[in-house]
Amino acid sequence: MKRELTLSDLVLIAPFTALTVILAYIAVPLPGGLPPITGQSLMVMLSGVILGPRRAALSQIVYLLLGVIGLPVFAGGTGGVGVLAGYSGGFIWGFVCGSYITGKLVMKNEHPSLLSLAVACFTGGVLAVYLPGLVQLSLVLRINLLQAAVSMLPYLPGDLLKVFLAALLAQRIIPRIK
């Protein structure tokens, strides 16, 4: 069933795109040329939880398109197709899928618990983002998937913190918007 975008959809999507851009600028660099730690995945999780799967994915597609046309919206103020083709590009592609999956998982539960919110945020905001990210990282850097996965270990504590923060925020926000 195809549903057209409404003005209210666009009004809801835009702030999540903007917040993803803002959190891309909050970057903690890592040694060894790895992608920096950013807050973007927090918005992947929150967009899914709050907007639902379709609008959440659209918020991340708009973010991706802004970067594709060259606007400096990716981590550390970068942009362009080269970033999406580079070693960290797979994670950005994963934002679209991750926000959709998070939204789909939360949508199935009318009154989600903190645990179910955390599971949805982890599944969509971490696993679904890491999967294409690890594949592209391994292909671009010519390392195997295990090496790519091991290189991501420094990101896990921050991602788990974002999962917990997103679940807590969602638990407070969801009752106010339903």
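Going by my numbering, the sequence shown opens with residue 31, and the numbers climb by one from there. Where a beta carbon is used, it is the ideal one built from N, C-alpha and C, also for glycine.
query: Do Pro-66 and Ala-57 have their beta-carbon atoms positioned less than 7 Å apart in this structure?; result: yes
query: Which residues does DSSP list as the beta-bridge partners of Ala-57?; result: Thr-68
query: Count the other C-beta atoms from every protein chain shown that fall within 10 angstroms of the C-beta of Ile-99, then say buried if there are 16 or more, exposed otherwise.; result: exposed
query: Less than 8 Å between the CB atoms is what I'm expecting for Pro-83 and Met-137, so what's the real figure, rounded?; result: 6 Å
query: With distances taken between CB atoms, is the gap from Gly-253 to Ala-178 smaller than 7 Å?; result: Residue 253 lies beyond the range of the chain shown here (31 to 208); nothing can be said about it.
query: Could you tell me the boundaries of the alpha helix (DSSP H) in which Met-137 lies?; result: 119 to 137
query: Applying the 10 Å Cβ sphere with the 16-neighbour rule, what's the burial state of Thr-47?; result: buried
query: Figure out for me which residue from Gly-107, Pro-59 and His-141 has the closest Cα to the Cα of Val-79.; result: His-141
query: Find the nearest neighbour of Pro-45 within the set Ser-77, Leu-60 and Leu-35, judged by alpha-carbon distance.; result: Ser-77
query: Quick check on the DSSP output: what are the complete beta strand (DSSP E) runs of length 3 or more inside the region 125 to 206, in order along the chain?; result: none
query: Out of curiosity, what's the CA-to-CA distance linking Leu-169 and Lys-192?; result: 27 Å
query: Can you tell which of Asn-139, Pro-61 and Gly-163 has its C-alpha closest to the C-alpha of Gln-201?; result: Asn-139
query: Using 8 Å as the cut-off, can you tell me whether the region 34 to 45 makes contact with the region 101 to 109, which would need three or more C-beta pairs spanning the two stretches below that distance?; result: no
query: Assign Ile-131 to buried or exposed, taking buried as 16 or more other Cβ atoms, counted over all protein chains shown, within 10 Å of its Cβ.; result: buried
query: So Leu-72 packs on Leu-195, CB below 8 Å; how close in whole Å?; result: 7 Å
query: Quick check on Thr-50: does DSSP put it in helix, strand or coil?; result: helix
query: Report the rounded CA-to-CA distance for Arg-33 versus Leu-81, giving the unit in angstroms.; result: 15 Å
query: In chain order, what residues of the same chain lie with their CB nearer than 7 Å to the CB of Pro-59, ignoring the 5 residues before and after it?; result: Pro-66
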